[in-house]
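2 protein chains.
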Amino acid sequence: MKNRIRIERAILNITQADLAERVSVTRQTINAIEAGKYSPTLALGMKIAREFEKTVDEVFELEEGD
Amino acid sequence: MKNRIRIERAILNITQADLAERVSVTRQTINAIEAGKYSPTLALGMKIAREFEKTVDEVFELEEGD
DNA sequence: AATTAATGTCAAGTATATTTTACCTTATAT
DNA sequence: ATATAAGGTAAAATATACTTGACATTAATT
């Protein structure tokens, strides 16, 4: 699962901790997802996309193994 | 997490087992998600939407508690 | 140079998604 | 009436997401 979280965060100029708070998870969770260590739940993915005012597909992209 | 899986399945005229096979999960998983018992992973949600040729947001809708 | 903010990471624990196996009900077909 | 297809459900096991707490590293600020 690839994602554009880092880029979208840069556009909004917010930190991982900021985003974490906005979507009600921990900073470590955002860090892991942003690094592609695992893919989030659908609910969290949708909340993240919503913060960026983007669709889920604009923020996340399926890869081979997913 | 609300969803329109039942409706989209009806449009494609496919069974829960059919959809399950297409997205590589078990029939019980589709049944549970369709019934709203839990929300899928982002990867699975995206695969389901893709089968319906819809966006994630057209198939799934966030609710209060999510 | 020193301090602070931001990010990276890790281990252990909890929560939840998914599988497996199995059975039950309802509708449809033979 | 009986068989078959489709859906509903449940318990136990496994996989994975997420939390908590802590520490290390890098970037930015003064």
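Top line first, the protein sequences correspond to chains V and R.
Residues -15 to 50 (our numbering) are what the first sequence spells out, left to right.
Residues -15 to 50 (our numbering) are what the second sequence spells out, left to right.
Even glycine gets a Cβ: it sits at the ideal position worked out from N, Cα and C.
Remember, it's a predicted structure, so these values are computed and weren't measured experimentally.
| Check | Outcome |
| --- | --- |
| I need the DSSP call for V:Asn(-3), collapsed to helix, strand or coil. | coil |
| Let me see if you follow: with CB-CB separation under 8 Å, is V:Ala1 close to chain R or not? | no |
| Between V:Gly20 and chain R, is the shortest Cβ-Cβ distance under 8 Å, so that the two count as touching? | no |
| From R:Glu35, R:Glu47, R:Gly49, pick the residue whose C-alpha is nearest to that of R:Glu(-8); which is it? | R:Glu35 |
| Distance, Cα to Cα, V:Ala1 vs R:Leu(-4)? | 42 Å |
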